[in-house]
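Residue numbers (the working numbering), protein chains in the order written: chain A, 233 to 545; chain B, 233 to 545; chain C, 233 to 545; chain D, 233 to 545; chain E, 233 to 545; chain F, 233 to 545. From the three backbone atoms N, C-alpha and C, an ideal C-beta is built for every residue, glycine too. Here the structure is a predicted model, which means the values were calculated and not measured.
Structure follows, in structure tokens:
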């Protein structure tokens with residue numbers, strides 16, 4: 233028997249399926265009865281549910297991060313499916329990795345590919361800094377998302393995003409030989425690594441206090457500085473350029489970069505970052521969009537509403 | 233005997249060389265003597281000269297667009313070479329094409345390559361529109377610059393820029409298969425074609441009145457509309473999408489796009505345009521820049537001052 | 233017996249009246265019962281209604297654009313009247329024109345007046361372009377609104393707005409003889425004509441895909457270009473100036489004009505457009521506003537809240 | 233014998249003409265010789281002159297505001313006429329009014345017309361405030377300019393500008409009867425009156441300290457408040473509305489209005505002010521502009537460069 | 233028996249307590265039953281209540297500004313306490329001052345202190361203007377709030393804010409002797425006095441029409457002008473400087489200052505105003521904030537979300 | 233015999249005085265003769281000189297940073313004194329410290345005072361971080377300026393600025409006890425320390441490459457991170473808060489802070505920094521300003537032109 237998944241639910245279905253609780257809000261109806269608004273997720277998508285007349289025991293039991301077998305009715309509400317929850321059975325135990333969205337790539341594939349891009353770096357200063365940073369963050373690099381929402385917001389999102397950017401970097405260096413592949417690759421590999429400290433966890437990720445107070449850009453720049461002190465390359469041109477690429481990769485002051493790109497590879501790093509992130513957002517926007525219609529406004533894309541051509545690709 | 237060229241002049245040289253006059257300003261010294269400030273150019277660069285105590289006949293004779301044999305002293309003034317002009321002999325006739333900067337590519341190469349990209353377009357509506365527009369502008373497409381200054385500001389600059397963008401477009405469509413190569417290529421090929429009407433000429437290019445009052449974006453959008461009427465494809469989805477790409481390719485209202493990119497290929501067209509233009513500007517900025525120093529502020533690059541790393545590529 | 237109209241409904245009334253359905257949203261109460269939120273309209277105004285416990289047959293039957301006899305209770309809810317719907321009878325047929333807001337002017341009057349303004353144009357190039365565009369859009373010019381909301385958002389709104397602007401244009405040309413009446417009138421008559429393609433219909437108007445992807449400014453500029461090709465006046469000064477007026481009439485880049493006004497009549501066209509639109513909005517804002525109070529914030533008037541003086545006009 | 237005027241000087245002329253000195257800058261040549269750069273003006277225009285090798289006595293004698301008979305050579309320098317000064321004879325006395333630009337209207341005409349507009353105000357509160365303010369500033373109202381530069385920057389400019397705005401106000405109230413003519417006229421008549429304290433004098437006008445520290449908007453609002461206290465109408469609706477019109481007439485915070493227009497007449501006052509000022513600037517821009525060319529950038533018109541059509545009005 | 237206060241209510245409590253009604257919204261449930269949403273306040277805080285199934289007599293009786301004995305159940309709703317209202321008894325009469333938030337300082341203390349700061353002003357012009365303004369507004373100066381919300385939004389808030397600013401002003405003049413204490417103190421004492429006319433009342437304060445149409449900055453500047461006319465010091469340097477300080481104290485055009493600070497004391501007045509207001513907001517934000525957490529976004533602090541350190545002060 | 237100083241030079245003087253060369257520009261006159269434009273400085277001010285007809289030997293000898301005895305004529309040129317240089321004798325040697333502007337405080341005084349503020353810090357984590365950073369930069373902290381121009385742009389400027397801010401910080405913590413003096417003092421002491429790496433030297437200071445590519449904010453944040461690693465306090469709340477204060481002390485993204493102030497002490501640090509810097513600029517602006525006049529526009533003060541009151545302090 234195949235397990236029911238969120239992405240195959242339909243209006244009117246009465247069914248039972250295992251789901252991860254990603255958020256819980258408690259409410260009280262006008263009649264004073266408590267109810268829960270629960271956000272659920274599995275590896276095919278996410279959906280919201282209401283549990284009316286929830287018993288005190290159950291109310292206390294439902295918590296963010298738990299996985300249970302949920303008995304539901306699926307109904308259409310304001311044009312979107314919603315669940316009416318009747319019961320959640322938390323007795324069985326599940327592997328959380330089966331309930332999260334993941335990369336289109338296997339972790340082993342990403343590790344091998346990124347190892348390959350590291351090996352392309354010929355300059356030994358860049359290479360040693362990159363290696364030491366990868367050692368420091370270890371496995372987390374392949375687990376963390378590249379954002380808490382918007383783009384690459386899934387387990388392994390960070391590595392997936394960096395992989396896509398490495399491909400682009402290599403292509404651009406072929407088209408425009410003036411670019412220094414070593415510096416650009418080192419920048420691509422490290423630019424977002426501070427997110428491992430900016431976010432709380434690979435799954436159900438939130439901003440940590442230091443994420444908000446310092447930001448991944450400054451966290452990583454300081455880490456690279458400390459690494460260069462340890463490696464005895466603190467005052468090299470390479471250390472300075474790599475720190476500059478990390479600091480400037482958001483491209484504008486109002487996006488949190490304290491300096492603007494002032495070397496050509498810094499400018500291109502910002503373009504590569506943007507293109508790969510936006511293509512990932514387009515994947516999501518266009519996936520289920522009907523031809524000849526406009527998608528809902530996309531906040532991270534300057535609130536624009538994208539169109540899918542009719543009868544053309 | 234080899235001809236003296238602008239890029240080999242040195243402080244203290246007294247020499248004679250053929251140059252194109254690109255600008256003339258008339259002045260009067262405190263003693264009431266007339267003099268000329270002349271901008272010269274050949275196919276290796278440009279330089280400014282002063283002609284003190286110029287005779288009335290000579291003063292009247294020196295005009296923008298003329299080419300003559302110029303007798304000069306080269307002197308260093310405020311850190312840059314300047315010419316003291318003693319005489320200009322306009323008696324011989326020259327081919328203006330020998331006195332302008334050109335593309336790094338031969339015209340024939342560009343034509344063949346761009347023909348190849350046109351052939352990649354499989355959709356017959358896009359293809360027919362593209363062909364008709366290329367027919368209309370003919371040879372001029374391979375003569376006009378892509379800008380009056382800043383990037384690709386040379387004879388053949390438009391075609392050179394479009395060629396660079398086509399290469400990028402094909403690469404990106406491979407990395408991100410969600411993109412429609414047909415639409416993107418059609419957009420790349422036509423997006424700046426209106427510049428042939430926006431600028432006055434391939435050489436010594438200025439904005440025409442309609443260039444200022446309408447702009448190349450609106451000129452080309454109207455041209456494509458008219459072409460689609462002629463071809464009987466006015467109301468096709470393809471016609472609408474292609475006009476949209478042309479209108480939105482500057483990416484922001486304040487850069488003269490009346491609509492923002494609302495289809496994925498429009499968004500990417502704006503990125504491709506930007507990257508290829510900026511790489512061309514980097515070529516010029518980094519070419520003669522000393523290692524470990526900053527270039528002068530670059531106005532079209534948000535007034536930033538770019539740095540060339542010391543001892544690294 | 234006179235028919236009940238929306239603008240005479242009062243709190244507590246139980247009545248029956250014919251209304252046009254302009255929007256329908258489906259909802260489900262906490263008890264799982266379906267209900268409808270319906271926007272109604274007649275030629276005196278618009279109002280929202282709730283149909284609780286709607287039957288499946290009725291739920292399916294209620295659709296945007298239909299007109300029916302509606303049985304309701306009017307009740308005050310959050311300071312505004314709302315309808316409790318008990319039944320809608322769609323058996324009778326109505327003329328949709330009796331259920332939409334219209335111009336204060338009769339269509340025949342508007343046609344005659346606008347014909348008169350066309351006749352004021354002495355320059356034959358402007359005149360022939362204007363005539364050909366009016367021929368192309370025909371009756372629609374007198375049916376479409378000038379906006380989907382905010383100002384002149386009713387059947388005939390476009391012609392009403394253009395009429396008001398023509399009056400202003402003639403006055404201004406008398407006060408400031410430096411202005412060219414021919415160009416200004418031609419600009420006024422054509423500036424918003426592209427809205428006939430930007431909007432879906434005279435009634436229940438929405439943006440079409442090409443409305444969003446191209447915009448009425450670019451649609452009309454292209455149309456005028458094509459018309460000038462047909463008329464053989466493509467390269468005249470008049471054609472260029474008229475296209476410039478259309479392109480620049482929003483006055484600023486961020487309002488969708490790809491070029492700023494660069495001729496005096498373009499500058500004045502933008503002022504005339506603004507004044508006539510704002511006076512129409514003031515008519516609506518001040519109509520029912522109590523003396524000594526402020527109106528709700530008006531989004532299209534920079535979110536300001538206008539005041540009506542006490543005891544003064 | 234007719235007196236030579238500035239607007240009829242030509243390259244090469246050696247002549248003598250009476251002119252007003254509007255500015256003097258002292259300089260020293262490389263050889264240590266003193267010279268003067270003098271700005272001259274008469275009632276036909278203004279021009280700059282250089283007095284090389286000026287004698288100490290003459291150097292001390294030349295001062296802003298003096299009028300003398302000047303012996304000059306007119307020469308073309310950088311595309312504009314310039315004077316070589318040989319001598320200035322200050323022995324004769326002149327009437328300064330013959331050396332300043334003036335209104336196209338006679339003072340008596342302006343007084344009669346503005347008196348007429350005052351008489352149109354039927355509301356006695358507005359009328360009494362307006363009268364008391366006109367009494368207070370008296371003759372100065374007909375002498376001061378409306379700006380130190382840009383528009384209506386001549387003797388009588390303030391009254392000329394107010395007259396033009398009154399004409400427009402009356403026209404608009406006819407086209408849009410919702411407007412209150414009394415309030416609008418009172419606002420037009422008083423809105424810029426504070427400039428009489430903001431500027432130093434009708435001629436050679438500069439900002440006074442209170443002009444810079446307070447501004448004409450706040451100066452006049454306070455004056456009206458004080459006047460309403462004297463008249464015993466301090467707490468009337470009319471007093472409040474009129475003060476609001478004065479405060480908000482620049483239309484935007486960044487133009488120095490501490491409140492935005494919040495009554496319909498305030499909004500229209502801002503439009504009328506703008507239109508009349510811009511038409512005056514167009515008069516100057518288009519007067520000597522060659523057909524088919526663009527004027528120099530106009531700073532107060534958002535730095536735009538206006539075009540004059542070829543072969544059309 | 234001690235009276236129950238709002239700040240000691242807890243989830244599940246059934247109790248009776250006297251409260252001030254600060255706002256009433258009328259609603260109708262889906263079943264057509266009327267209910268009230270009431271905002272209550274006492275001198276310890278404020279809370280919202282719902283009165284379901286309210287009787288018509290009670291519904292009519294509950295009004296903003298009344299004080300009654302309220303019978304309630306306190307329940308937790310969406311993470312905040314809310315009241316279920318069962319009855320309100322308005323028969324007894326209360327002193328409104330017992331139901332409003334007040335200053336941490338006694339009125340007598342504030343009067344004595346502010347009197348002391350007035351006495352520090354040695355310049356007789358500043359002193360006489362300050363005295364006359366204090367005479368005019370009298371007791372209201374010690375009753376009005378400094379804002380309707382955000383900071384010092386309580387009875388006596390204006391005087392409390394001014395007192396805090398005087399302390400800062402004296403300190404800064406000691407650290408930076410270049411500052412003129414007389415001018416700065418006069419500016420501090422008068423800068424916000426216009427709020428007494430901008431707001432409707434010390435309690436339940438709203439903007440008056442003149443508050444919106446003129447603003448406290450312009451109201452006070454005009455008042456000072458009128459006072460200087462009465463005192464015969466209209467044209468003194470002191471009058472001009474003090475009016476400038478009032479006009480410029482918001483520091484930026486977009487915050488409603490028609491001129492920017494152009495004297496050093498004006499610049500410092502803006503800083504002092506800002507610091508004291510922000511420290512008051514911090515008091516409120518940090519008071520109940522848990523260590524190691526972020527407060528909700530604070531709109532008047534540029535929408536930032538402030539953090540309270542863990543284990544440090 | 234007392235040495236001539238720059239601040240006592242007068243028009244017409246012929247004299248000899250020792251000065252530091254801070255800048256040299258080489259030029260050529262119209263006759264081809266070389267000349268030098270030299271910027272001079274001593275401990276009383278700075279002045280520009282021209283050396284006409286300079287000999288090749290002298291031309292080569294004059295260099296930035298050298299000190300010599302200069303023979304000059306002082307002449308008035310365009311309203312400012314300028315030097316005509318006749319000779320420079322570099323044979324004697326001077327102490328550069330006698331030719332630079334310095335603090336109003338003795339170095340020993342500043343050291344003692346700042347030591348005292350360090351001792352006020354009771355929290356041992358803050359204290360140890362501060363001490364280690366002061367150890368690292370050592371004497372340079374008391375030599376570097378706080379800016380290359382605008383404010384505290386002299387030897388010892390950094391320490392002078394920090395001293396002024398410490399005084400303010402202590403005062404504010406007394407007035408507003410909610411502030412944490414330990415955190416605020418630590419922030420004040422370290423906030424600008426990165427300028428020691430951002431600038432090239434205490435005298436004739438310029439931006440270093442890492443100053444431009446990283447900025448003092450990021451340089452110092454990384455340094456503090458590295459110090460906390462060494463001290464074993466990397467993960468303390470104190471380390472995070474102190475790094476946050478450094479990062480956010482410019483207060484806005486566009487001023488180079490990658491995060492906005494999110495703790496109360498960070499907000500106040502930004503205010504203190506601003507006030508002390510602006511008071512230093514006011515000292516310079518008001519020092520020689522004539523009463524009743526406006527100073528030239530001050531770029532770092534938002535381009536405002538400050539006024540000095542007449543007859544008041």
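Return the residue from the list F:351, F:489, F:277 and F:234 that minimises the CA-CA distance to residue 446 of chain F. On the sixth chain, residue 446 of chain F is found 214 positions in, with the first residue counted as 1. Nearest C-alpha to residue 446 of chain F: F:489.
Going by DSSP, what residues sit across from residue 269 of chain F in a beta bridge? Along the sixth chain, read from residue 1 onward, the residue named residue 269 of chain F stands at position 37. Bridge partners of residue 269 of chain F: F:257 and F:282.
Report yes or no: is there a C-beta of chain D within less than 8 Å of the C-beta of residue 488 of chain F? Mapped onto the sixth chain, residue 488 of chain F falls at position 256. It does not: the Cβ of residue 488 of chain F has no partner Cβ on chain D nearer than 8 Å.
Taking 8 Å as the cut-off, does the region 374-390 of chain B touch the region 419-437 of chain B (at least 3 CB pairs, one atom from each stretch)? yes
From residue 242 of chain C to residue 491 of chain D, what distance separates their C-alpha atoms? Looking up residue 242 of chain C in the third chain gives position 10. Looking up residue 491 of chain D in the fourth chain gives position 259. Rounded to whole angstroms, residue 242 of chain C to residue 491 of chain D spans 38 Å at the Cα level.
Tell me which residues share the same chain as residue 319 of chain F and place their Cβ nearer than 7 Å to its Cβ, disregarding the 5 neighbours each side in the sequence. Residue mapping note: residue 319 of chain F aligns to position 87 of the sixth chain, counting from 1. Contacts found: 303.
Check whether the Cβ atoms of residue 270 of chain D and residue 283 of chain D lie closer than 8 Å to each other. The residue you call residue 270 of chain D lines up with position 38 of the fourth chain. The residue you call residue 283 of chain D lines up with position 51 of the fourth chain. Contact flag set, yes.
Shortest alpha-carbon distance to residue 342 of chain A belongs to which of A:421, A:365 and A:314? Here residue 342 of chain A corresponds to residue number 110 of the first chain, with the count starting at 1. It is A:421 whose Cα lies nearest to the Cα of residue 342 of chain A.
State yes or no: is the beta carbon of residue 288 of chain B nearer than 8 Å to at least one beta carbon in chain D? On the second chain, position 56 is the one that residue 288 of chain B refers to. By this cut-off, residue 288 of chain B is not an interface position.
So, with DSSP's three-state summary, where would you put residue 247 of chain A? Residue 247 of chain A sits at position 15 when you count from the first residue of the first chain. Correct three-state label for residue 247 of chain A: strand.
Tell me whether residue 487 of chain A is buried or exposed, calling it buried when 16 or more other Cβ atoms sit within 10 Å of its Cβ. Residue numbering aside, residue 487 of chain A sits at position 255 when the first chain is read from its first letter. Per the 10 Å Cβ criterion, exposed.
For the alpha helix (DSSP H) that residue 452 of chain A lies in, which residues bound it at each end? Indexing the first chain from 1 puts residue 452 of chain A at position 220. Element bounds for residue 452 of chain A: 447-463.
Find out if the Cβ-Cβ distance for the pair residue 538 of chain E, residue 517 of chain E is shorter than 8 Å. Working through the fifth chain from its first residue, we reach residue 538 of chain E at position 306. Working through the fifth chain from its first residue, we reach residue 517 of chain E at position 285. Yes, Cβ-Cβ distance for residue 538 of chain E and residue 517 of chain E is below 8 Å.
Nearest residue (CA-CA) to residue 478 of chain D, options E:454, E:459, E:523 and E:468: The residue labelled residue 478 of chain D in the question sits at position 246 within the fourth chain. Closest option to residue 478 of chain D, Cα to Cα, is E:454.
Give, in chain order, every unbroken run of the beta strand (DSSP E) that is at least 3 residues long and sits entirely within the region 295-339 of chain C. 299-309 and 312-321
Cβ of residue 511 of chain A within 8 Å of any chain B Cβ: Residue mapping note: residue 511 of chain A aligns to position 279 of the first chain, counting from 1. Yes, residue 511 of chain A counts as interfacial toward chain B.
If you run the structure through DSSP and keep just helix, strand and coil, what is residue 487 of chain A? Stepping through the first chain from its first residue, residue 487 of chain A is reached at position 255. Residue 487 of chain A: helix per DSSP, three-state reduction.
Whose C-beta lies closer than 7 Å to the C-beta of residue 354 of chain A among residues of the same chain, with five residues either side of it excluded? For the purposes of this step, residue 354 of chain A is taken as the residue at position 122 of the first chain. Result list for residue 354 of chain A: 414, in chain order.
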